[in-house]
Amino acid sequence: GQNIDQPTEMTATEGAIVQINCTYQTSGFNGLFWYQQHAGEAPTFLSYNVLDGLEEKGRFSSFLSRSKGYSYLLLKELQMKDSASYLCAVRDENTDKLIFGTGTRLQVFP
Amino acid sequence: EAGVVQSPRYKIIEKKQPVAFWCNPISGHNTLYWYRQNLGQGPELLIRYENEEAVDDSQLPKDRFSAERLKGVDSTLKIQPAELGDSAVYLCASSYNEQFFGPGTRLTVL
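Each protein sequence line maps, in turn, to chains A and B.
Residues 263 to 372 (my numbering) make up the first sequence, in order.
Residues 34 to 143 (my numbering) make up the second sequence, in order.
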């Protein structure tokens with residue numbers, strides 16, 4: 263079976279750092295993706311991890327531990343425009359299908 | 034470079050009516066996906082195409098949903114007849130490696 267868990271909502275303050283966790287259970291793993299989705303808009307690609315470790319891209323970083331079935335997205339120097347839903351998605355090795363979590367809605371306050 | 038294009042952006046219909054959505058993927062992307070996203074949920078795959086071939090349609094409710102991708106470029110997704118529970122955002126995505134999403138069509142069935 264496939265299961266992806268991430269918190270439903272988080273809040274943070276402008277300028278702060280926030281970590282959004284994602285745990286997954288899949289029958290086959292071939293990469294983990296993070297997408298950002300603003301209300302009423304399409305998801306936009308943020309990061310891709312297939313090997314263990316940290317991938318850094320500007321203010322955003324994503325970490326993966328395959329043995330623990332765990333990933334996090336780290337957002338630094340938060341800005342108001344970072345208020346959005348953040349979707350964790352795992353690609354199933356057997357079907358090549360992307361399985362999405364329900365998303366974490368992040369609200370950034372001044 | 035143009036992104037994934039979808040039309041219409043919004044559609045309101047009465048139940049039992051037919052509806053169709055259109056998608057033009059990013060040039061050179063052979064893989065095309067149709068997803069359905071309900072409010073507060075992550076996208077769920079309906080069908081995936083490799084060129085003109087549907088390689089995964091296991092989640093497509095075939096009694097009322099149909100899709101085609103003639104010539105392996107543009108694609109249409111049709112619902113006939115629509116039901117109240119079909120109200121959702123229908124997202125099209127295309128990929129070479131990571132998936133890029135279109136803006137979606139927000140369907141409201143009254």
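Note that the Cβ used here is the ideal one computed from N, Cα and C, for glycine as well.
Source: prediction; values computed, not measured.
Listed along chain B, no residue sits closer than 7 Å to P269 of chain A by beta-carbon distance, the nearest being about 13 Å off. By the neighbour-count definition (other C-beta atoms within 10 Å, threshold 16), N311 of chain A is a buried residue. D119 of chain B carries a helical assignment under DSSP once its states are collapsed to helix, strand and coil. Residue pairing by DSSP places A274 of chain A opposite A:V370 in a beta bridge.
Judged by beta-carbon spacing, H62 of chain B lies within the 8 Å limit of S127 of chain B, meaning their Cβ atoms are closer than that value. According to DSSP, residue pairing for G290 of chain A in a beta bridge does not occur. Judged by their CB atoms, S309 of chain A and E317 of chain A are nearer to each other than the 8 Å cut-off.
Within the model, the alpha-carbon separation for I279 of chain A versus G315 of chain A is close to 19 Å. For the 8 Å CB-CB criterion, P76 of chain B and A115 of chain B do not form a contact.
Here S347 of chain A is buried, its C-beta having at least 16 other C-beta atoms within 10 Å.
K104 of chain B sits in a helix when the DSSP states are folded into three classes. Residue B:Y68 holds the alpha-carbon nearest to the alpha-carbon of S91 of chain B among B:Y68, B:G73, B:G118. Straight through space, the alpha carbons of L336 of chain A and F54 of chain B are spaced by roughly 36 Å.
For A304 of chain A, the chain B residues whose C-beta falls within less than 7 Å of its own C-beta are L124, F134, G135, P136, G137, listed in chain order.
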